[in-house]
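Protein chains: 2
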Amino acid sequence: MKGGKGRDLECQKTKVGKESNGNSVEKEIPSCCLKANASAPEDEAKCHSTVVSGWFSECHGLFFNNPMWPGEAHSIKVEKILYKEKSEFQEVLVFESSAYGKVLVLDGIVQLTDKDECAYQEMIAHLPLCSILSPKTVLVVGGGDGGVLREVCRHSSVNHVDICEIDEMVIDVSRKFFPELAVGFEDPRVHLHVGDAIDFLQCAPEGKYDAIIVDSSDPVGPAQELVEKPFFKTIAKALRPGGVLCNMAESMWLHTHLIQDMISICQETFSGSVRYAWASVPTYPSGVIGFILCSTEGPPVDFVNPINPIEKVEGAAKHRRELRFYNSQMHKAAFALPAFLKWEVSCTARLHDVGPH
Amino acid sequence: MKGGKGRDLECQKTKVGKESNGNSVEKEIPSCCLKANASAPEDEAKCHSTVVSGWFSECHGLFFNNPMWPGEAHSIKVEKILYKEKSEFQEVLVFESSAYGKVLVLDGIVQLTDKDECAYQEMIAHLPLCSILSPKTVLVVGGGDGGVLREVCRHSSVNHVDICEIDEMVIDVSRKFFPELAVGFEDPRVHLHVGDAIDFLQCAPEGKYDAIIVDSSDPVGPAQELVEKPFFKTIAKALRPGGVLCNMAESMWLHTHLIQDMISICQETFSGSVRYAWASVPTYPSGVIGFILCSTEGPPVDFVNPINPIEKVEGAAKHRRELRFYNSQMHKAAFALPAFLKWEVSCTARLHDVGPH
């Protein structure tokens with residue numbers, strides 16, 4: 209999933225820049241940076257997971273704008289609602305669909321479906337782990353469904369995996385309805401920590417991890433803190449020299465400003481490589497999801513050409529279940545960026561880092 | 209666009225295979241191979257381009273299944289309907305949207321939007337034209353909006369482009385509402401033929417074209433003939449030895465059986481290379497569109513590694529307007545296929561041709 213929750217913080221709503229003459233200016237804030245309830249009545253803002261006439265529509269129902277994706281909606285036909293509860297952190301919905309199998313929805317946003325979860329889980333795990341030799345210790349932030357764990361555990365070199373998920377209900381729901389994902393928790397190398405990832409990271413020994421994978425929710429409201437600089441600094445500290453981070457990084461078609469901001473922050477924080485990659489995931493808005501990959505100072509990491517190709521990792525292809533999406537060709541291809549994205553990220557990013565390979 | 213229309217033929221609804229014991233068996237026909245009106249009342253079947261409460265939803269309205277994409281719907285908020293007429297062949301709708309700019313819809317199916325047309329037009333044109341040295345004569349089948357022409361004309365080596373579009377209304381509508389696409393018609397190298405592509409191809413001199421680009425609609429009903437073997441044979445005949453075809457080829461997430469069928473037919477028809485590629489297009493179902501690339505007998509064509517890279521074609525990057533999506537990295541990346549697609553096409557296809565590069 210691209211879920212997992214941070215703390216309930218207010219979204220930064222304003223940003224002030226300076227013109228060349230030194231006068232302060234207010235930068236325009238895209239609608240996806242405004243909180244869902246900024247202009248909606250209280251009851252509408254709480255209206256998650258609307259199912260109308262047997263169809264689920266992503267966030268706020270068919271006839272409201274989702275603030276992350278204004279002006280469009282993706283709808284999935286519901287065969288049967290299997291679960292709907294409010295946890296301490298969010299609304300959790302599971303339904304059976306004809307088109308995508310079982311669907312997990314958090315606060316009205318599709319996190320994963322049986323049909324296309326392979327693309328997200330495999331890419332977010334293997335992009336970082338195939339970029340370093342013999343990864344041993346891994347931290348997963350969020351990812352309470354277990355899918356990323358399932359993928360991390362394909363790597364026979366890995367001997368310790370910590371996962372820090374704030375919402376236990378997500379774990380329980382996955383164990384009940386998504387056994388193909390929750391299987392990740394069954395591996396004896398996995399250590400589950402239910403709690404706040406920021407607290408967890410602050411207590412982590414410096415340089416502990418070879419790789420950290422942040423499987424977070426969209427950076428609006430609750431998870432806002434997970435795309436801010438202090439969080440990335442804490443991650444960098446918990447990684448060994450030459451260690452790698454892979455962080456969910458939105459849609460290149462919809463959120464270039466967020467991508468730009470994340471790349472800037474990462475380039476300030478990580479003195480190794482910073483790269484952007486993407487994958488096709490039909491049930492995410494605009495049909496794609498991005499990843500930002502960073503490495504700390506140390507042995508240089510060539511993210512584009514996997515030094516630890518999955519095809520050569522013993523037993524990886526069929527561990528628990530077959531690889532459905534990822535392979536070394538898909539790995540390399542994920543770093544090819546369309547022309548429009550290169551322009552839009554180039555004004556703040558070092559182009560040679562995010563650009564062509 | 210992925211539009212353009214063939215003749216109004218019935219869809220093939222049954223397929224009969226043989227079991228290993230020699231008994232005949234009926235193969236299951238996926239819902240996307242059933243015509244829209246196969247099981248719906250007459251008035252529902254004709255209900256294209258439904259706009260409800262200011263939202264357009266792809267084909268048959270929100271609460272009907274689209275036979276090509278059962279169980280899901282993509283909805284775009286309509287700011288203003290700009291045009292809605294029935295031509296001799298189809299219903300043509302143009303509306304202004306907040307999320308994607310102007311949108312062209314044919315028979316209820318989104319063909320292109322201002323925001324993401326670059327991905328489709330650039331890829332379908334440059335994947336074939338950058339795979340051969342110095343393309344000179346090109347045929348575009350369908351593509352009445354002019355976008356593919358705009359892209360073909362970036363190639364300074366091209367001296368003659370034929371386009372055969374059956375529906376004049378599409379051309380007129382594009383000239384009025386999509387000047388950035390219709391600009392393709394203004395090039396003096398372009399020769400417009402309004403009519404049936406199959407008749408046109410049957411009259412074309414043998415070996416006339418270096419490249420043929422088929423910008424057709426979905427192979428359900430009217431355009432069915434454009435994915436059948438006789439059509440591909442006519443194309444192969446009209447290409448010079450070592451000439452190339454690029455044909456729109458559906459979504460790898462939704463229509464693997466159609467892809468499989470097209471690959472089989474192409475491998476029987478083209479004795480050169482046959483390759484499958486794909487690109488991200490947010491407003492197409494599942495957010496991707498595929499292309500099948502074939503070459504006739506002659507000098508071998510390496511589709512994956514462009515021999516005629518766009519970056520080296522004089523004036524190409526800024527001809528009429530800048531390239532927004534395509535570059536040589538995106539070209540190579542387009543041929544990386546997810547694991548699931550490799551399995552599903554491997555049973556009928558020669559795997560080494562459609563597989564990894």
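Top to bottom, those sequences are chains U and W.
Numbered per my numbering, the first sequence spans residues 209 to 565.
Numbered per my numbering, the second sequence spans residues 209 to 565.
Cβ coordinates follow ideal geometry from the N, Cα and C atoms, glycine included.
The structure displayed is predicted, hence computed values, not measured ones.
Item                                                                                                                             : Value
Straight-line gap, W:F393 to W:V348 (C-alpha atoms, nearest Å)                                                                   : 12 Å
Backbone secondary structure at W:W486 - three-state DSSP                                                                        : strand
Given 8 Å, three or more beta-carbon pairs between the stretch 454 to 466 of chain U and the stretch 292 to 310 of chain U       : no
Chain U contact residues for W:R532, given Cβ-Cβ distances below 8 Å                                                             : P546, A547, F548
Other residues of its chain near U:E266: CB distance less than 7 Å, five sequence neighbours each side excluded                  : N274, A281, H282, G316, I317, V318
8 Å contact criterion, which U:D353 and U:L320 should meet: CB distance rounded                                                  : 6 Å
Helix, strand or coil at U:S239 according to DSSP, with G and I counted as helix                                                 : For U:S239, the predicted model reports a pLDDT of 45, less than 50, meaning its position is unreliable and no value from the coordinates is stated.
Contact set between W:V356 and chain U, taken where Cβ atoms lie within less than 8 Å                                            : Going along chain U, no residue has its Cβ under 8 Å from W:V356, so there is no contact; the nearest lies around 18 Å.
Three-state secondary structure assigned by DSSP to W:K355                                                                       : According to the sequence as given, residue 355 of chain W is Gly; it is not Lys. Reduced to three states, the DSSP call for W:G355 is helix.
Check whether U:G351 and U:E325 have beta carbons under 9 Å apart                                                                : no
Counterpart residues of U:N455 in DSSP-defined beta bridges                                                                      : U:V422, U:I500
Beta carbon proximity, W:V553 to chain U, threshold 9 Å                                                                          : no
Three-state secondary structure (DSSP) of W:C555                                                                                 : Residue placement at W:C555 is flagged as unreliable, the pLDDT there being 46, under the threshold of 50; the coordinate-derived value follows with that caveat. It is coil, neither helix nor strand.
Contact with chain U by W:N535, beta-carbon distance below 9 Å                                                                   : yes
Chain-ordered neighbours of U:S306 on chain W, where CB pairs are closer than 8 Å                                                : P278, G279
Distance, W:Q410 Cα to U:L549 Cα                                                                                                 : 42 Å
Beta-bridge partners of W:C372, as assigned by DSSP                                                                              : W:V349, W:H401
Cβ of U:G495 within 9 Å of any chain W Cβ                                                                                        : yes
Contact with chain W by U:H282, beta-carbon distance below 9 Å                                                                   : yes
Residue-level contact to chain U via CB, W:K288, 9 Å cutoff                                                                      : no
Three-pair Cβ contact test at 8 Å for the stretch 499 to 513 of chain W versus the stretch 448 to 458 of chain W                 : yes
Straight-line gap, W:G575 to U:R528 (C-alpha atoms, nearest Å)                                                                   : Only positions 209 to 565 of chain W appear in the structure, and residue 575 of chain W is not among them; the question remains open.
Proximal residues, the stretch 444 to 468 of chain W versus chain U, C-beta separation under 9 Å                                 : S459, M460, W461, L462
Close Cβ partners of W:K292 (< 8 Å) along its chain, the five nearest in sequence each way excluded                              : S257, E299, V300, L301, V302
CB contact check: W:C240 to chain U, cutoff 9 Å                                                                                  : Bear in mind that the predicted position of W:C240 carries a pLDDT of just 41, short of 50, making it unreliable; the figure below should be weighed with that in mind. No - not a single Cβ of chain U is within 9 Å of the one on W:C240.
W:E436 to W:A333 span [Cα, whole Å]                                                                                              : 22 Å
Supposed close pair W:S488, U:S488 - CB separation, criterion 8 Å                                                                : 6 Å
Which of helix, strand or coil DSSP assigns to U:S265                                                                            : strand
Contact set between the stretch 403 to 416 of chain W and chain U, restricted to residues whose Cβ is under 7 Å from the partner : none
6 Å CB neighbourhood of W:A412 in its chain, flanking five on each side removed                                                  : A446
Interface partners of U:A541 on chain W, CB under 7 Å                                                                            : A541, A544
Buried or exposed by the 16-neighbour rule on C-beta atoms within 10 Å, applied to W:H539                                        : buried
Buried or exposed (CB count within 10 angstroms, at least 16 for buried), W:G403                                                 : exposed
Neighbour-count burial assignment, U:L389, 16 or more Cβ in a 10 Å radius                                                        : buried
9 Å Cβ cutoff, W:C326 in contact with chain U                                                                                    : yes
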